[in-house]
Amino acid sequence: MAGPVASQSLERLPIVDQAIGAWFFPSRSDAMAEAERVVSATPAPAKARKWLAQLTEEPHVAGTPQEKVVAEYVHERLEEFGLEAEIVRYEVFLNHPKHVALRLTEPEQTELSLREDFLSVDKDSAARDVFPAFHGYGASGTAEGQVVYANYGTPDDFKKLDDLGISPTGRIVLVRYGEVFRGLKVREAEQRGAVGVLIYSDPADDGYMKGDVYPDGPMRPPSAIQRGSVQFLSLQPGDPSTPGWPSTDGARRLAREEMTSVPSIPSLPLSYGEAEKILRHLGGPRVPDDWQGGLPFAYHAGPGGASVAMEVEMDEGLKPIYNVFGRISGTDEPERLVILGNHRDAWTHGAADPNSGTAALLETARALGAAVAAGWRPRRTIVLASWDAEEYGLVGSTEWGEDRAATLQANAVAYVNLDSAVTGPRLGAGGTPSLRDLVRSVAADVPEPLQGGSIGDAWQKHLRSEWADKAPVELDRTDRPFELHLGTLGSGSDYTVFVDHLGIPAATFGFRGSYGVYHSVYDNFRWMEKFGDPQFVYHAVAARFFGLTAMRLASAEVVPLRFGSYARALRAELDKHRRKTVRLARKGETEDGWDPGSLDFGPVLGALDTLESAGEALDQTLAELIEREDADAARRVNDRLITLEQTFLSDDGLPGRPWFRHLLYAPGTTTGYAAWPFPELAEAIENKDAELFRHGTVRVVAALNRATRRLRETASAAR
């Protein structure tokens, strides 16, 4: 096993002067470069290893005493690093398991295990305080009946069951993890009359078909269980007892039976070792080829051959959660906020998810504290947030965002997110397009610790390779070359309230690799030290990336939001919808009032053209403003830039889910995690609803035109 390596020397951590010059007045570039060198040189693998070992010593599920201990530990470290620190407490609706049981009743009576196996090489696998298999926000109840297998549990999968003549009504549905958020699998089954749901991890998805399994490799072993929330995430995140308003003292609360974003039928997660005991006995027709998983026999859809009985009893009600904040106050614009966030709670020990991010957050705080001690101060206030109860449904960040909505919409420059910061060496980043240029410039200035060059070089090479493999071309501009864009934001992490509800620019990033122990007891310190980041160098890299991003957002005289590429990113996403309608039309999938070939994308394309011209013109004007160091113009521009993303919001939100207000980005109603750019148009195509498409087009065009006007006004203010 490789041990931690020494922190790279200050001299080996170059800062690209051209990147600095893009964001700072020329007279301040040298001073900022010196401050950035301090932040680059400070993060140390050995320190990150120390923080992670302490953070993952015990399981710490939201609402438990162990999670409060971890919150206090983070608070103490932030104070130690010289930041102003505070803990903000909320009472929110959570559940913990009191009793869970699952029994195979046909063809034989067999208890199915809801705990992982103890591994002698892994002390944490025997932790006494790990909850057995349960789902966050899962309903209490008992259910017994025949099992039917529904693949990933997507709407299309249930439609295929219908085609096979198999009904889930009155039965227990067995589905595998993947494709869509787990809560939407339960919702779909519930709506189709199922009395219970079992969700297992198939070895084809993250087990032995993807690599060696733990403890010999990084992938999921037979007994590993993926816990998680079954909240209906794409309808609304946050505390389901206070939907749309904050869980403050005295807040109005919904009773469990009034909550619309949580299931009413019981569900349980299951390992593939135990799921095999059900799947082997299922009768009915053999499944379609693309439903076949990795277990060594032909899968059947049921019913018949296998029945189960499940018991779920939850301890549910209001429980305390703790958001922890560290603050570095700004000098010139202290009311403006640059927010860095990572959640802290975990279903078990949570070494990768999320505390690789917490360790990186602490190293970022230590690095920024070192820069302050060396004489640097940001123009704007930097807030480092350690969120609680993210795993249940982004609860800590959502309640804080709703609680401080007016202040954040007036003053937040951007939110930068870390979740599972490190599971391997490959950078991935997503975000609103206005942050693309900033993220790219920071990536260019952070050295790749093992391969040489910068992490930006490796990132661009990987994305270019993916682009070439897919050969994407714009339908109207086939000669356009490769352009790096940030991944689109859906949901599933703490950026959601900032982008989708408040209209605040956001980005998220992490370093990815083979990772099969997600949400299991094996996501612990040994797994990270053995497979995820044995030398802890990428934890330090994540801290450098986080810190430099914060410094540029907080100290650039002109807020580093740029809009020249925004329309091009949107056009690439719109083309995916256009291609889908072409495919549907070629298949002849028309109905009364629905013809995918007749949908008119022209108004949106025209609005994107004008948005692109205005964005490119503004970017050029801002570059000239920086070059001439016009401080008065910078202040005028900043007032407009930080609220520009809000021009894409709708007061009444998206159809059927008013909490989601962004008209360009939202999680898919049937995906949960994955984004639906142009969500109203995407939903219209999904549901074959021509009227919704026309309605959505009008709203999108109006939003794009609002943004275009704001871009032009901002350019005028910059002159």
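Going by our numbering, the sequence shown opens with residue 0, and the numbers climb by one from there.
Even glycine gets a Cβ: it sits at the ideal position worked out from N, Cα and C.
Quiz item: Of all the alpha helix (DSSP H) runs that stay within the bounds of the segment 183-240, which reach a length of 4 or more residues?
Solution: Those alpha helix (DSSP H) runs which fall completely within the segment 183-240 and span 4+ residues are 202-205.
Quiz item: So the alpha helix (DSSP H) Ser440 belongs to, where does it begin and stop?
Solution: Counting from 1 along the sequence shown, the entry for residue 440 is found at position 441. Per DSSP, Ser440 belongs to the alpha helix (DSSP H) from Arg435 to Ala443.
Quiz prompt | Environment of Leu449 [buried if 16+ CB atoms lie within 10 Å] | solution = On the sequence shown, position 450 is the one that residue 449 refers to. Per the 10 Å Cβ criterion, exposed.
Quiz item: Using 8 Å as the threshold, is the segment 190-202 in touch with the segment 352-364, meaning 3 or more CB pairs across them?
Solution: no
Quiz item: Can you tell which of Gln108, Asp128, Asp204 and Glu107 has its C-alpha closest to the C-alpha of Tyr151?
Solution: If you number the sequence shown from 1, residue 151 lands on position 152. Nearest of Gln108, Asp128, Asp204 and Glu107 to Tyr151, Cα basis: Asp204.
Quiz item: Looking at the structure shown, is Gly392 part of a helix, part of a strand, or coil, going by DSSP?
Solution: Indexing the sequence shown from 1 puts residue 392 at position 393. Residue state, collapsed to three classes: helix.
Quiz item: If you draw a straight line from the C-alpha of Val472 to the C-alpha of Arg403, how long is it?
Solution: Counting from 1 along the sequence shown, the entry for residue 472 is found at position 473. Counting from 1 along the sequence shown, the entry for residue 403 is found at position 404. Note that Val472 has pLDDT 48, beneath the 50 cutoff, so the model's placement of it is unreliable and the number below is only indicative. When rounded, the distance between both Cα atoms is 42 Å.
Quiz item: How about Gly531 and Phe180: are their beta carbons less than 7 Å apart?
Solution: Stepping through the sequence shown from its first residue, residue 531 is reached at position 532. Stepping through the sequence shown from its first residue, residue 180 is reached at position 181. Going by C-beta atoms, Gly531 is not nearer than 7 Å to Phe180.
Self-check item: Candidates Thr168, Ser490, Gly137 and Pro302, of which the one nearest Glu256 by Cα
Solution: Here residue 256 is taken as the residue at index 257 of the sequence shown, counted from 1. Checking every option, the nearest Cα to that of Glu256 belongs to Gly137.
Self-check item: Separation of Met550 from Gly605, as counted between CA atoms
Solution: Indexing the sequence shown from 1 puts residue 605 at position 606. Indexing the sequence shown from 1 puts residue 550 at position 551. Taking the straight line joining both Cα atoms gives about 37 Å.
Self-check item: Nearest neighbour of Ser119, chosen from Arg709, Tyr521, Gln645 and Glu57 [CA to CA]
Solution: Here residue 119 refers to the residue found at position 120 of the sequence shown. Nearest of Arg709, Tyr521, Gln645 and Glu57 to Ser119, Cα basis: Tyr521.
Practice problem: Output yes or no for whether 7 Å exceeds the beta carbon distance between Ile264 and Ala132. | Solution: The residue given as residue 264 occupies position 265 in the sequence shown. The residue given as residue 132 occupies position 133 in the sequence shown. No, the Cβ-Cβ distance between Ile264 and Ala132 is not below 7 Å.
Quiz item: Using a Cβ-Cβ cut-off of 6 Å (strictly less than) and excluding sequence neighbours within five positions of Phe720, which residues of its own chain qualify?
Solution: Missing from the structure shown is residue 720; the chain here goes from 0 to 718 and no further.
Exercise. Apply the 10 Å Cβ neighbour rule to Val371 and answer buried if 16 or more other Cβ atoms are within range, or exposed otherwise.
Key: In the sequence shown, the residue the question calls residue 371 occupies position 372. By the Cβ neighbour-count rule, Val371 is buried, with 16 or more other Cβ atoms within 10 Å of its own.
Practice problem: Can you have a look at Arg718 and say buried or exposed, based on whether 16 or more other CB atoms are within 10 angstroms of its CB? | Solution: Residue mapping note: residue 718 aligns to position 719 of the sequence shown, counting from 1. Classification for Arg718: exposed.
Practice problem: Could you tell me which of Ala369, Pro657 and Ser355 sits nearest to Gly423, measuring between CA atoms? | Solution: Locating residue 423 in the sequence shown gives position 424, counting from the first residue. Out of Ala369, Pro657 and Ser355, Ser355 has the C-alpha closest to the C-alpha of Gly423.
Self-check item: Segment contact, 8 Å Cβ cut-off, at least three pairs: the segment 325-334 with the segment 44-57
Solution: Because the criterion of three Cβ pairs below 8 Å is not met, the segment 325-334 and the segment 44-57 do not touch.
Quiz item: When the Cα of Val261 is compared with those of Val229, Ala274, Thr241 and Ala250, which residue comes out closest?
Solution: Within the sequence shown, the letter at position 262 stands for residue 261. When each option's Cα is compared against that of Val261, the closest is Val229.
Quiz item: Anyone know if the C-beta pair for Leu113 and Gly62 falls short of 7 Å?
Solution: Reading the sequence shown from its first residue, position 114 is the one you call residue 113. Reading the sequence shown from its first residue, position 63 is the one you call residue 62. Against a cut-off of 7 Å, the Cβ pair of Gly62 and Leu113 comes out as no contact.
Quiz prompt | Cutoff 6 Å; reference Leu393; Cβ partners in own chain excluding five residues on either side | solution = For this step, residue 393 is matched to residue 394 along the sequence shown. Closer than 6 Å at the Cβ level, and outside the excluded window around Leu393, lie Pro236, Asp493 and Thr495.
Exercise. Determine the burial state of Ala286: buried for a count of at least 16 other Cβ atoms within 10 Å of its Cβ, exposed for fewer.
Key: Against the sequence shown, residue 286 aligns to sequence position 287. It is worth fixing the name first, because residue 286 is Val in this sequence and not Ala. Val286 is buried by the Cβ-count criterion.
Quiz item: Of the residues Phe510, Arg175, Ala373 and Tyr391, which one's Cα is nearest the Cα of Ala30?
Solution: Counting from 1 along the sequence shown, the entry for residue 30 is found at position 31. Measuring from the Cα of Ala30, the nearest candidate turns out to be Ala373.
Practice problem: In angstroms with no decimal places, state the Cα-to-Cα distance between Pro533 and Met527. | Solution: Walking along the sequence shown from the start, residue 533 turns up at place 534. Walking along the sequence shown from the start, residue 527 turns up at place 528. The straight-line gap from Cα to Cα measures roughly 7 Å.
Quiz item: Since Thr104 and Ser306 are thought to touch, with beta carbons under 8 Å apart, how far apart are those beta carbons, to the nearest angstrom?
Solution: Taking the sequence shown and counting its residues from 1, one reaches residue 104 at position 105. Taking the sequence shown and counting its residues from 1, one reaches residue 306 at position 307. Between Thr104 and Ser306, the beta carbon gap of about 5 Å places them in contact (Cβ cut-off 8 Å).
Self-check item: alpha helix (DSSP H) segments (min. 4 residues) lying fully within the segment 611-697
Solution: 630-640 and 678-686
Self-check item: Span separating the alpha-carbon of Lys586 from that of Leu598
Solution: For the purposes of this step, residue 586 is identified with residue 587 of the sequence shown, where counting begins at 1. For the purposes of this step, residue 598 is identified with residue 599 of the sequence shown, where counting begins at 1. If I take the Cα positions, the gap works out to 15 Å.
Quiz prompt | Buried or exposed (CB count within 10 angstroms, at least 16 for buried), Phe296 | solution = In the sequence shown, counting from the first residue as 1, residue 296 sits at position 297. Answer is exposed; the Cβ neighbour count stays below 16.
Quiz prompt | Inter-residue spacing [alpha-carbon to alpha-carbon] between Gly303 and Val185 | solution = Your numbering for residue 303 matches position 304 in the sequence shown. Your numbering for residue 185 matches position 186 in the sequence shown. Approximately 21 Å, taken between the alpha carbons.
Quiz item: alpha helix (DSSP H) containing Ile454: first to last residue?
Solution: Counting from 1 along the sequence shown, the entry for residue 454 is found at position 455. Where Ile454 is concerned, the enclosing alpha helix (DSSP H) stretches over Ile454 to Lys469.
Quiz item: In whole angstroms, what is the alpha-carbon distance linking His518 and Gly395?
Solution: Walking along the sequence shown from the start, residue 518 turns up at place 519. Walking along the sequence shown from the start, residue 395 turns up at place 396. Between the alpha carbons of His518 and Gly395 lies a distance of about 19 Å.
Quiz prompt | Best match in Leu269, Arg708, Glu572 and Glu85 for proximity to Gly325 [C-alpha to C-alpha] | solution = On the sequence shown, residue 325 is found 326 positions in, with the first residue counted as 1. When each option's Cα is compared against that of Gly325, the closest is Glu85.
Quiz item: I think Val558 touches Val412, with their Cβ atoms under 8 Å apart; what is that distance to the nearest whole Å?
Solution: Here the question's residue 558 lines up with position 559 in the sequence shown. Here the question's residue 412 lines up with position 413 in the sequence shown. Their Cβ separation, rounded to whole angstroms, is 6 Å, which keeps Val558 and Val412 in contact under 8 Å.
Practice problem: Following the continuous alpha helix (DSSP H) through Arg88, name the residue where it begins and the one where it ends. | Solution: Numbered from its first residue, the sequence shown carries residue 88 at position 89. Per DSSP, Arg88 belongs to no alpha helix (DSSP H); it is in the beta strand (DSSP E), Glu83 to Glu105.
Quiz item: Cβ of Gln645 within 7 Å of Cβ of Gly429?
Solution: By 1-based counting over the sequence shown, the position of residue 645 is 646. By 1-based counting over the sequence shown, the position of residue 429 is 430. No, the Cβ-Cβ distance between Gln645 and Gly429 is not below 7 Å.
Quiz prompt | Close-in-space but distant-in-sequence residues of the same chain around Gly489 (CB under 6 Å, 5 per side omitted) | solution = What you label residue 489 is simply residue 490 of the sequence shown in a count that begins at 1. Closer than 6 Å at Cβ, skipping near neighbours: Pro666, Tyr672, Ala673 and Ala674.
Quiz item: Looking only at C-alpha atoms, which of Pro25, Trp399, Ala21 and Arg127 sits nearest to Ala384?
Solution: Counting from one through the sequence shown, the residue named residue 384 turns up at place 385. When only C-alpha atoms are compared, the closest one is Trp399.
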